[in-house]
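> Got a structure for you, written out below as structure tokens; questions coming shortly.
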Amino acid sequence: MTAAPRRTTVLSPDGTRINVEVHGPDDAPAIVLSHGWTCSTHFWRPVAEHLGTDHRVVCYDQRGHGASSHPRRHGYSVAALADDLCAVLEAVLGPEERAVVGGHSMGAMTVMAAADRPRFARRAAAVLLASTGSTALPASSRVLPGAARFPRLGAAAHRLLLGSMLPLGPLTPLTRAALHYVTMAPDADPAMVDYCARIVHACAPVARGRWGKVLAHLELDRGLAHLDMPSVVVAGTRDRLTPIAQARHIRGLLPNCERFIEVTGAGHMTPLEAPETVAGALADLAAAHLRTPVAHREETA
2 MTAAPRRTTV LSPDGTRINV EVHGPDDAPA IVLSHGWTCS THFWRPVAEH LGTDHRVVCY
62 DQRGHGASSH PRRHGYSVAA LADDLCAVLE AVLGPEERAV VGGHSMGAMT VMAAADRPRF
122 ARRAAAVLLA STGSTALPAS SRVLPGAARF PRLGAAAHRL LLGSMLPLGP LTPLTRAALH
182 YVTMAPDADP AMVDYCARIV HACAPVARGR WGKVLAHLEL DRGLAHLDMP SVVVAGTRDR
242 LTPIAQARHI RGLLPNCERF IEVTGAGHMT PLEAPETVAG ALADLAAAHL RTPVAHREET
302 A
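Right, here's the structure in full:
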């Protein structure tokens with residue numbers, strides 16, 4: 002992602018403007034990436050750099066994040082996230098083209114929410130779900146010490162944290178340390194911790210809180226049965242936000258899980274903590290399940 006991306010705006014069905022950035026050759030296999038809660042297209046930069054110029058990498062800002070517009074209050078829902086993803090796929094892919102679709106955290110929940118959409122099934126040749134959960138997030142999270150010993154109290158406290166609209170304040174050593182503890186492994190690359198902190202602090206508090214309330218009541222298990230295309234699940238063994246038990250639960254419900262990748266020692270931000278692993282898994286899916294647009298046109302001519 003060293004070259005400037007080609008930017009465009011895609012309108013979701015409710016009129017929300019979605020910022021889309023495209024990197025790489027137009028005739029390369031397409032990989033569409035959906036970021037997580039409080040992040041932006043910048044989150045995928047390390048992964049895209051590992052993918053190089055052999056792929057067309059499409060990143061977009063979730064509604065309320067980055068350069069995408071903020072919806073009205075009723076526009077915060079997993080159904081709206083699915084609408085956005087389907088709109089992006091239709092806008093960036095050729096008439097008969099398919100893509101590998103990757104999501105991290107809320108971005109992977111977006112993929113799960115879109116699973117039963119015919120438009121999504123036509124466009125997604127394979128999917129990657131990284132560091133995510135499908136149900137009971139407040140009860141499974143381990144951000145607060147003692148959450149496992151006092152599950153009801155822990156779940157209630159996690160719901161409050163998710164829905165908080167309080168400003169994070171300026172980026173200081175204290176706020177950086179707190180974010181590091183919550184999102185990344187203790188021995189994470191300090192440069193990546195700084196990078197992550199800048200991205201998260203740029204998220205508007207209202208969007209952070211409203212999406213947090215959506216995540217607190219998330220239930221996507223039923224959608225997983227519709228993800229019957231080849232899939233890969235990636236999870237960090239030290240993830241506090243969506244512990245690896247969530248990933249194992251998802252693996253058990255997926256009809257066609259080809260690989261389950263445990264990133265030893267990684268926290269929640271696997272695309273930042275192990276970008277080469279995530280990029281490698283995406284590239285493998287593209288090689289196995291995609292044809293380039295040029296090859297597709299030649300075969301159907």
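In the working numbering, the protein residues as written are 2 to 302. Note that CB positions come from ideal geometry on N, CA and C, so glycine has one too.
Check GLU277 in the structure and name its three-state DSSP category.
Helix, per DSSP.
> Give the straight-line distance between the Cα atoms of LEU162 and GLU220, rounded to the nearest whole angstrom.
Those two C-alpha atoms are separated by around 19 Å.
> Would you mind reading off the limits of the alpha helix (DSSP H) that contains GLY210?
Element bounds for GLY210: 206-217.
> If you follow the beta strand (DSSP E) that THR184 is in, where does it begin and where does it stop?
No beta strand (DSSP E) holds THR184; the alpha helix (DSSP H) holding it covers 174-184.
> According to DSSP, simplified to helix, strand and coil, what is TYR196?
TYR196 falls in the helix class under three-state DSSP.
> Tell me the residue span of the alpha helix (DSSP H) that contains SER141.
Per DSSP, SER141 belongs to the alpha helix (DSSP H) from 138-141.
> Taking the DSSP output, what are the residues bridged to ARG57?
ARG57 pairs with ALA31.
> Just verifying my parser: in three-state terms, what is the DSSP assignment at LEU169?
Correct three-state label for LEU169: coil.
> Quick check on DSSP: helix, strand or coil for THR17?
THR17 falls in the coil class under three-state DSSP.
> Along the beta strand (DSSP E) that carries LEU12, what are the first and last residues, could you check?
Segment 7-12, the beta strand (DSSP E) holding LEU12.
> Quick one: residues in its chain with C-beta nearer than 8 Å to the C-beta of ALA217, no 5 flanking neighbours on either side, listed in chain order?
Counting only Cβ-Cβ distances below 8 Å, and skipping sequence neighbours, we find LEU138, PRO139, HIS159, ARG160, LEU163 and GLY164.
> Is the Cβ-Cβ distance between VAL1 and ARG260 less than 9 Å?
The displayed coordinates of the chain run from 2 to 302. Any statement about residue 1 would go beyond what the structure contains.
> Over what stretch of residues does the beta strand (DSSP E) that includes VAL89 continue unbroken?
No beta strand (DSSP E) holds VAL89; the alpha helix (DSSP H) holding it covers 79-93.
> Leaving out five residues before and five after PRO276 in sequence, what residues of the same chain have Cβ atoms less than 7 Å from its Cβ?
Cβ neighbours of PRO276 beyond the five flanking positions: PRO47, VAL48 and HIS51.
> The alpha helix (DSSP H) that contains SER50, what's its start and end?
A quick correction: the sequence has Glu, not Ser, at residue 50. Start and end: 46-52.
> Do VAL215 and VAL183 have their beta-carbon atoms positioned less than 9 Å apart in this structure?
No, the pair does not count as a contact, with Cβ atoms beyond the cut-off.
> I need the straight-line Cα distance from SER78 to ASP85, nearest angstrom please.
One C-alpha to the other measures close to 11 Å.
> Once DSSP output is grouped into helix, strand and coil, what is the label at ALA267?
The answer is coil: DSSP assigns ALA267 none of H, G, I, E or B.
> Tell me whether GLY164 sits in a helix, a strand or coil according to DSSP, three-state version.
Looking at GLY164 - three-state DSSP - the assignment turns out to be helix.
> Does DSSP put GLY103 in a helix, a strand or coil?
Three-state result, GLY103: strand.
> Where does VAL295 land, buried or exposed, given buried means 16+ other C-beta within 10 angstroms?
Confidence in VAL295 is poor, its pLDDT being 45 and thus under 50, which makes the residue's placement too unreliable to answer from.
> Would you call ASP240 buried or exposed, if buried means 16 or more other Cβ atoms sit within 10 Å of its Cβ?
Looking at its Cβ environment, which holds 16 or more other Cβ atoms inside 10 Å, ASP240 is buried.
> Provide the residue span of the alpha helix (DSSP H) that contains ALA127, from first to last.
Run containing ALA127: none in the alpha helix (DSSP H); it sits in the beta strand (DSSP E), 125-131.
> For VAL23, name the three-state secondary structure that DSSP assigns.
Here VAL23 sits in strand by DSSP.
> Which stretch, first to last residue, makes up the beta strand (DSSP E) that contains GLY224?
Run containing GLY224: none in the beta strand (DSSP E); it sits in the alpha helix (DSSP H), 222-225.
> As a quick exercise: from LEU90, ALA115, THR111 and PHE44, pick the residue whose alpha carbon is nearest that of MET193.
Taking only the C-alpha atoms, the option nearest MET193 is PHE44.
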